[in-house]
Amino acid sequence: MQEGITNTAIDEYTAELLEQFNVQILHQVPRSPEVNALDLGLWMSLQSRVEKQHYDKTSDADTLAKTVDEAWNDLPIRTITNVFNRIPVVQNLIIEHQGDNDLVET
Numbered sequence: 000m001q002e003g004i005t006n007t008a009i010d011e012y013t014a015e016l017l018e019q020f021n022v023q024i025l026h027q028v029p030r031s032p033e034v035n036a037l038d039l040g041l042w043m044s045l046q047s048r049v050e051k052q053h054y055d056k057t058s059d060a061d062t063l064a065k066t067v068d069e070a071w072n073d074l075p076i077r078t079i080t081n082v083f084n085r086i087p088v089v090q091n092l093i094i095e096h097q098g099d100n101d102l103v104e105t
């Protein structure tokens, strides 16, 4: 399990589960290459769909929430699959570059 640079409080139950299943928490160093699926494309895909569907920026929050829900439900499974398939590629690049942040996204 990986978490960001901020220390997150872990309750006793979670700590027991982590120990039971031998889960190690790795802290991500500042400016590390990103391996979070949301940041690797899901938010961008969703935002693009919402902006195309939600033309009237002055409408209320309920309308926007409905638009986000519709965009999420209409997001092609292929888009989600592509994002998750990108994770091991990025992880291998991180290993190849020894965790350095000198990678340039192409």
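When the letters of the sequence shown are read in order and numbered with numbering that gives the first Met the number 0, they come out as residues 0 to 105. By construction, the Cβ of each residue, glycine as well, lies at the ideal position given by its N, Cα and C atoms.
Extent of the continuous alpha helix (DSSP H) to which residue i belongs
i          : result
residue 90 : 76-95
residue 12 : 11-19
residue 69 : 60-73
residue 34 : Careful: residue 34 lies outside any alpha helix (DSSP H) and carries neither H nor E.
residue 46 : 42-52
Proximity winner among the options, relative to residue i (alpha-carbon distances)
i          : options           : result
residue 39 : 23, 85, 97 and 51 : 85
residue 44 : 78, 96 and 95     : 78
residue 66 : 51, 91 and 95     : 51
Burial state of residue i (16 or more Cβ within 10 Å)
i          : result
residue 1  : Residue placement at residue 1 cannot be trusted, given a pLDDT of 49 that sits under 50; the coordinates are not used to answer.
residue 70 : buried
residue 19 : exposed
residue 4  : With a pLDDT of 48 at residue 4, under the threshold of 50, the modelled position of that residue is not reliable, and the figure given next carries that caveat. Per the 10 Å Cβ criterion, exposed.
Cβ pair residue i, residue j closer than 9 Å
i          : j          : result
residue 48 : residue 17 : no
residue 41 : residue 82 : yes
residue 53 : residue 63 : yes
query: So does the region 30-44 actually touch the region 11-18, counting three or more Cβ pairs closer than 8 Å?
result: The answer is no - the region 11-18 does not touch the region 30-44, with fewer than three Cβ pairs under 8 Å.
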